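Worksheet for the structure shown next.
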Amino acid sequence: METRYANHPDDSKKYDTSELRKNYLQEKIFIKDEISLTYSHVDRIIFGGANPVDNKLTLKAGDELRADYFLQRREMGVINVGGPGTVTLDGKEYKLNKYEGLYIGKGTKDVVFASDDKNNCAKFYINSVPAHKTYQTVKIDRSMAVTAELGDQKNMNKRTIYKFIHPEVCESCQLSMGVTMLKEGSGWNSMPCHTHERRMEVYFYFDLPEDQRVFHLMGQPNETRHIVMANEQAVISPSWSIHAGIGTSNYTFIWGMCGENKDFDDMDNIETKDLK
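In our numbering, the protein residues as written are 575 to 850.
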């Protein structure tokens, strides 16, 4: 598990390209037959991927958590972005196809990831945050998600938002998680942009052609920066930072949030003309 420390906005605005990427970008989410995780000190979110190919993968707590098992004091969300697979929780199997997810409650001891077909392996994207209470584990597909159609073709931001881990879908302590799919011909996400001082966020970009890129925008509204991102990469967004992007092609991304509340619309909106 890799550790990333929190960064002050006054420090971050002085970073060059390599420093921005070192502190905020995770380029390797999926590694064959590994569970690859990043522990961020921003609200102590853990994010990453499980990529079982030839072997089943068992989630371990690791020294970073100093826990008897990974979810002893945590909850977790999982969304499959690859081929069909199975997540086994304390002996109970949950089949997940692409764009299907799980909310996993605190106290689940054994978590095992497996692919149905090594030639079309599952890719389980993971978000985990501290939890104070145990809520029911729930399998979630897009038919269960709270759905919103936003944007328009004129502004190149036509997209569908699927809210997977959301109060109208399932209970959680503080984790919110969902999928946003951009329509063909659209490239902008989350623009006009916003911050939310009460929550941090991690974006995971996927379904992006290998020769295309997303220019992810971050920083304070009057000190914006960008990070160029490829397919299946993730970026940390502290509460003080905007989080938006423009792609050279349409794409899909998973957003995961944790912090003070679970109110999706709790945003400090910023007019595009005020960005610098």
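Beta carbons are placed, not taken as given, at the ideal position from N, Cα and C, and that holds for glycine.
Predicted model, so just to flag it, every value in this text is computed and none were measured.
*Throw me the rounded Cβ distance for the L645 and V685 pair, which I believe falls under 8 Å.*
Right, their Cβ atoms sit about 7 Å apart.
*Over the uninterrupted beta strand (DSSP E) stretch that includes S702, give me the two end residues.*
Segment F698 to P704, the beta strand (DSSP E) holding S702.
_Straight-line gap, N824 to M803 (C-alpha atoms, nearest Å)_ = Answer to the nearest angstrom: the Cα atoms are 13 Å apart.
*Ignore the nearest five residues each way along the sequence and tell me which others in S614's own chain have a CB closer than 6 Å to its CB.*
These residues qualify, in order along the chain: R578 and I810.
_What residue range does the beta strand (DSSP E) around E742 cover?_
Counting along the chain, no beta strand (DSSP E) covers E742, and no H or E run does either.
*With I620 and T612 assumed to form a contact (beta carbons below 8 Å), what rounded beta-carbon distance in angstroms separates them?*
Between T612 and I620 the Cβ distance is about 7 Å, and since that is below 8 Å, they are a contact.
*How far does the alpha helix (DSSP H) with N597 in it reach, from first residue to last?*
In the DSSP annotation of this structure, the continuous segment of the alpha helix (DSSP H) that includes N597 starts and ends at T591 to Y598.
*With 16 other Cβ atoms within 10 Å as the buried cut-off, status of G665*: By the 10 Å Cβ count, G665 comes out exposed.
*If you compare alpha carbons, which of E784, M774, A818 and H768 is closest to S854?*
Nothing about residue 854 can be read from this structure; the chain reaches only from 575 to 850.
*asked:* Quick test of your reading: C747 and E649, contact by CB under 8 Å. State the CB separation rounded to the nearest angstrom.
replied: Indeed, because the Cβ distance is near 6 Å, the residues count as touching under 8 Å.
*How long is the line joining the alpha carbons of R618 and A722, rounded to whole angstroms?*
Approximately 29 Å, taken between the alpha carbons.
*asked:* Can you tell me which residues form a DSSP beta bridge with G814?
replied: The amino acid at residue 814 is misidentified as Gly; the sequence shows Trp. Beta-bridge partners assigned by DSSP to W814: none are found.
*the stretch 703-712 / the stretch 763-779 touching (three or more Cβ pairs under 8 Å)*: In this structure the stretch 703-712 does not touch the stretch 763-779; the number of beta carbon pairs closer than 8 Å is below three.
*For S614, does the three-state DSSP call read helix, strand or coil?*
In the structure shown, S614 sits in a strand (DSSP, three-state: E or B).
_Please identify the residue among E806, G622 and N843 whose C-alpha is closest to the C-alpha of Y779._
Nearest C-alpha to Y779: E806.
*Taking DSSP as the reference, what is the three-state secondary structure of D842?*
It is a strand residue.
*Run the proximity test for K588: is its beta-carbon closer than 7 Å to any non-hydrogen atom belonging to the ligand HEM?*
Ligands in the displayed structure: none, and consequently the ligand HEM is not present.
*T754 to E742, Cα distance in whole Å?*
The alpha-carbon atoms of T754 and E742 are separated by roughly 17 Å.
*Around the Cβ of P583, are there at least 16 other Cβ atoms within 10 angstroms (buried) or fewer (exposed)?*
Classification of P583: exposed, given that the 10 Å Cβ count is below 16.
*Note down the Cα distance separating D642 from K683, rounded to an integer number of angstroms.*
Those two C-alpha atoms are separated by around 9 Å.
*asked:* Residues in the same chain with beta-carbon distance under 8 Å from E674, minus the five sequence neighbours each way, listed in chain order, please.
replied: Result list for E674: I653, N654, K713, I714, D715 and R716, in chain order.
*asked:* To the nearest angstrom, how far is the alpha carbon of D726 from that of R733?
replied: When rounded, the distance between both Cα atoms is 8 Å.
_Beta-carbon separation (whole angstroms), A688 vs G659, contact threshold 8 Å_ = Yes, A688 and G659 are in contact; Cβ-Cβ is about 6 Å, under 8 Å.
*Please classify T711: is it buried, with 16 or more other beta-carbons within 10 angstroms of its beta-carbon, or exposed?*
Under this definition T711 is a buried residue.
*N625 versus I609: straight-line alpha-carbon distance, rounded*: Rounded to the nearest angstrom, the two C-alpha atoms are 6 Å apart.
_Beta-carbon proximity check, Q752 vs F698, cutoff 8 Å_ = It should be noted that the sequence gives Gly, not Gln, for residue 752. No, these two residues do not count as a Cβ contact at 8 Å.
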